[in-house]
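Worksheet: one structure, shown below.
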Amino acid sequence: MSRFKRETVLAVLLLFLLLPAQASAAPLVNQLADHPSPYLALHGHDPVAWQEWNAATIARARHENKLLFVSVGYFACHWCHVMQRESYQNPQIAALLNRDFIPVKVDRELNSGLDDALQTFSARLQGVAGWPLNAFVTPEAYPAFTVLYVPPDAFRTLLTRLATRWQSDRAGIRQLARRAAPPPGTRPADEALTAARSKQAWERFMAGVWQEADSLHGGFGQVSKFPMAPQLSALLDRQAQQPDARLDEFLRLTFDQMAARGMRDHIGGGFFRYTVDPDWDTPHFEKMLYDNAHLSMLYLRAATVLEQPRYREIARSTLGFMQDALQDTQGGFYSSTSAVDAAGQEGATYLWTSDELKARLPPAVYAAVRRVWRLDAPPGFDAGYLPAEYVPPAADERPLLVEAARILYPVRRLRSLPRDDKLNAGLNGLALSAFSQAIQLDPAYRQDADRLQHFLLTRLTRNGQLMKAMAHGRILPHAELEDYAYVVQGLLDHAEATGNA
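So the sequence shown is numbered by this note's numbering: it starts at 1 and just counts up by one.
Given below as structure tokens:
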């Protein structure tokens, strides 16, 4: 081979070797515009060059030897929107993220396994977890550090310090991240040991319940209040099997307070995700499909276990919210409604001024809501008052409150309420359980349950495999373990409720 030919072949080989490196070294660009996930699409025009979580993104981080900045959130998350507005739409902060990291945006409802792993790491490392969860992950995909919401100045400082530390001590950060990784799973225990551990687990669980229980307001904790549906479900089962006066009192208090105060939407039904105070008064206004599916089943069960028939009406109004605000024409249910309206104002959809209420309600009805909703006190929010039973209503006031809701609901439906219209398999499995169990309350729910079962088995199943979600007509594959678990449970509940094996 001539020298010219050898040099030509070497040049061609070198070109092919360099092409992948040059491609991966091309400037990052935001990949999320027009993404079928409403949450990811919200970030499609940020100056941050957001990437999706996938093998190609991790490969790029390894090639460029950069930390991944993995930001996990969801459409209805209030503080996710705040951090987007303050930091991710800030050109200076975006420049730092794009230069020193591989920035990745994750919808937790599409990557629940990843979210769970990072939440667990954050809770173990920082003692806190939640959203937005911002994780700094090594190119080998080990989390090294996490933060939740951070104000923009502090966030800019953190990015600069971590980038500097990564430049000076990559090996040390990699070692710490590997060391913090959870150990491999252990082998299943034998049956006797499992039974003993189960008894001990119940004892530890009940000790934790009484340590965290709020005996004054119900629920758990003394700062904010979440419904904690799985824990309450376990306690209802416990009460049904081993009745206990103390537990009975605590459960009644909790269910009463959640239904009466600001945690519940007294005009349109359904529950907000949590309250920022221990009295259940001041909610963040997002409403989640999974919370409301859980809570409709909980109130239905509590009506029997605690012998409180009025809880069935709470279950009915919660299912009504799901039908009115979340149900798709195909029979599935959307993931959530936003905490902010189309103008970005938190809670404005649900709030009323005293003058508007006085103008819309008959005098007797207004007198009742003025007392019960505490309209004589300063409004709890900039945009007005949130209807709730801050003062226990008298027996003759209850019909007037029902009349107020009947009058106000059509007015409120005209207000903007952004939704995450993603149809998630696991969340719809939970909804299928809820509507199937509700057939005992009213046979009319059979129609919703049947339509949802058909939707899951025809639209979210392909070749015997469950899909993760459907969004804007596009199928998102790769269902995870929790999706299969919730869908299978929903199908079992539907089969049992309808007698159709």
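C-beta: ideal position from N, C-alpha, C; glycine also.
Per DSSP, which residues does residue i bridge with? Please list them.
i           : result
residue 346 : 340
residue 134 : 71, 147
residue 423 : 470
residue 445 : Looking at the DSSP assignment, residue 445 forms no beta bridge with any residue, so it has no partner.
residue 475 : 470
residue 385 : 352
residue 284 : 274
residue 327 : 333
residue 51  : 104
residue 220 : 213
Along the chain, where does the alpha helix (DSSP H) that runs through residue i open and close?
i           : result
residue 172 : 170-180
residue 102 : Premise fails: residue 102 lies in the beta strand (DSSP E), 101-107, not in any alpha helix (DSSP H).
residue 239 : 229-241
residue 292 : 289-305
residue 411 : 398-413
residue 370 : 363-372
residue 118 : 112-126
residue 502 : The displayed coordinates of the chain run from 1 to 501. Any statement about residue 502 would go beyond what the structure contains.
Between the alpha carbons of residue i and residue j, how many angstroms are there, rounded?
i           : j           : result
residue 413 : residue 46  : 31 Å
residue 379 : residue 385 : 5 Å
residue 231 : residue 243 : 17 Å
residue 362 : residue 400 : 10 Å
residue 360 : residue 396 : 20 Å
residue 163 : residue 95  : 13 Å
residue 104 : residue 181 : 20 Å
residue 120 : residue 443 : 41 Å
residue 62  : residue 340 : 38 Å
residue 212 : residue 465 : 41 Å
residue 449 : residue 436 : 6 Å
residue 87  : residue 323 : 36 Å
residue 68  : residue 338 : 28 Å
residue 463 : residue 204 : 43 Å
residue 342 : residue 327 : 20 Å
residue 90  : residue 100 : 16 Å
residue 21  : residue 111 : Only weak support exists for where residue 21 lies, its pLDDT of 42 falling under 50; the value from the coordinates is given anyway. Going from the Cα of residue 21 to the Cα of residue 111 covers about 29 Å.
residue 446 : residue 498 : 8 Å
residue 252 : residue 258 : 10 Å
residue 23  : residue 59  : Unreliable positioning characterises residue 23 in this predicted model, as indicated by a pLDDT of 42, which lies under 50. A coordinate reading is not provided.
residue 411 : residue 262 : 20 Å
residue 26  : residue 64  : 11 Å
residue 274 : residue 127 : 20 Å
residue 240 : residue 305 : 6 Å
residue 409 : residue 36  : 31 Å
residue 335 : residue 245 : 37 Å
On the three-state DSSP scale, how would you describe residue i?
i           : result
residue 453 : helix
residue 390 : coil
residue 31  : coil
residue 461 : strand
residue 22  : The pLDDT assigned to residue 22 is 40, lower than 50, so where the model puts this residue is not dependable; a value taken from the coordinates is nonetheless given after this. Helix at residue 22.
residue 508 : For the chain, the structure presents residues 1 to 501; residue 508 sits outside this window and is missing.
residue 89  : coil
residue 264 : strand
residue 501 : coil
residue 480 : coil
residue 77  : coil
residue 504 : Residue coverage of the chain in this structure runs from 1 to 501, which leaves residue 504 outside it and unanswerable.
residue 311 : helix
residue 496 : helix
residue 63  : helix
residue 140 : coil
Give me, in chain order, the residues of the same chain whose beta-carbon lies closer than 8 Å to that of residue i; leave out the 5 immediate sequence neighbours on both sides.
i           : result
residue 145 : 125, 135, 136, 162
residue 310 : 303
To which residues of the same chain is residue i closer than 7 Å at the C-beta, ignoring the five residues directly before and after it?
i           : result
residue 365 : 400, 403, 404
residue 132 : 71, 72, 73, 77, 79, 80, 83, 148, 149
residue 487 : 425, 426, 429, 456, 466
residue 345 : 383
residue 391 : 371, 372, 374
residue 484 : 466
residue 507 : Residue 507 lies beyond the residue range present for the chain, which begins at 1 and ends at 501; the question has no answer from this structure.
Who are the Cβ neighbours of residue i in its own chain at under 6 Å, not counting the five residues just before and after it?
i           : result
residue 296 : 315, 318, 319, 434
residue 222 : 278
residue 490 : 429, 432, 433
residue 255 : 302
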